[in-house]
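In full-length UniProt numbering, the protein residues as written are 1 to 258.
Even glycine gets a Cβ: it sits at the ideal position worked out from N, Cα and C.
Being a predicted model, the structure only gives us computed values, none of them experimental.
Shown next, in structure tokens, is the structure this report addresses.
Pasting the structure below:
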């Protein structure tokens, strides 16, 4: 995507209060279309509140949220999903008693606006099965398609969650701590997948992540929240060299591998 393209997400002067506590204070940023961006910040910086505001769970106290050129401030999450903004949560959100394939077929049925009667909707729809298998191929789980999800390892369940998001053909994917709870091998696998999807799909990915190795491995643009305000934004190189960011992370110990 060209740098002159309008942003896929634009947040203008957003604040969010909870009683007398101000979790976000006058945050403005633009997420470029077609790039992989990341939101970071120390614990308590306001990252989760920010995600909840842009994904429709919270309405901002002040300010506006614009998605794909339209003002979507306060729009309910399911309406944002219908417009192409999908969020993957820290805790895996899958159907444990269904197979891997059936898990992906559920959002495909919804995406194709079929009646939500699972078996009835699938009657004669081999094309949907093929579409689901193609999505599972992209995330490396096609060979596990007939496995019941509850029998899978944690890292595989996180990959299924990515597949569920892809099944809705999103314009913007919000990934909330995509490597949380993963071992190093699973983390490397997830990093590779996120990079591959961002490069090949044309979908915009916007992640929050505590693991700085992950952030500096995948992100092209980074935003830093600190005490509810936007402290810095820029390329990984900009953020790595920013003294204010280093100070915000435990007095200067921001881990930023070269």
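| Item | Value |
| --- | --- |
| Classification of residue 203 by the beta-carbon crowding that lies within 10 angstroms, buried from 16 upward | buried |
| Collapsed DSSP secondary structure at residue 68 in the structure displayed | coil |
| Residue 216: first and last residue of the uninterrupted alpha helix (DSSP H) it sits in | 212-218 |
| Contiguous beta strand (DSSP E) assignments of at least 3 residues, all confined to the region 10-76 | 21-31, 36-40, 62-67 |
| First through last residue of the beta strand (DSSP E) which encompasses residue 207 | 204-208 |
| Whole-number beta carbon distance between residue 226 and residue 23, since they are thought to touch under 8 Å | About 13 Å separates the two Cβ atoms, so there is no contact after all. |
| Bounding residues of the beta strand (DSSP E) (the contiguous stretch that carries residue 87) | 85-88 |
| Minimum C-alpha distance to residue 59 - residue among 66, 100, 75 | 75 |
| Reduced DSSP category for residue 99 - H, G, I as helix; E, B as strand; rest coil | strand |
| Sequence-distant residues of the same chain with beta carbon closer than 6 Å to residue 165, five excluded per side | 86, 88, 173 |
| Buried versus exposed call for residue 115 [16 or more other C-beta atoms within 10 Å across all chains shown] | Confidence at residue 115 is low in this model, with a pLDDT of 49, below 50, so its placement is unreliable and the value that follows should be read with caution. Flag for residue 115 reads exposed. |
| Distance between residue 177 and residue 37 (C-alpha atoms, nearest Å) | 13 Å |
| Member of 98, 199, 129, 128 whose CA lies at the smallest distance from the CA of residue 147 | 98 |
| Which listed residue (238, 84, 192, 149) has its alpha carbon closest to that of residue 102 | 149 |
| Three-way DSSP call (helix, strand, coil) for residue 276 in this model | Nothing about residue 276 can be reported from this structure: the residues present for the chain run from 1 to 258 only. |
| Straight-line Cα distance separating residue 133 from residue 167 | 10 Å |
| Sub-9 Å separation of residue 139 and residue 109 beta-carbons | no |
| Reference residue 233; option with closest CA among 5, 191, 30, 17 | 30 |
| Rounded C-alpha distance that separates residue 228 from residue 185 | 33 Å |
| Under the three-state DSSP convention, the category residue 167 falls into | coil |
| First through last residue of the beta strand (DSSP E) which encompasses residue 176 | 172-176 |
| Which listed residue (213, 104, 170) has its alpha carbon closest to that of residue 141 | 104 |
| Which residues DSSP lists as bridging residue 234, in chain order | 222 |
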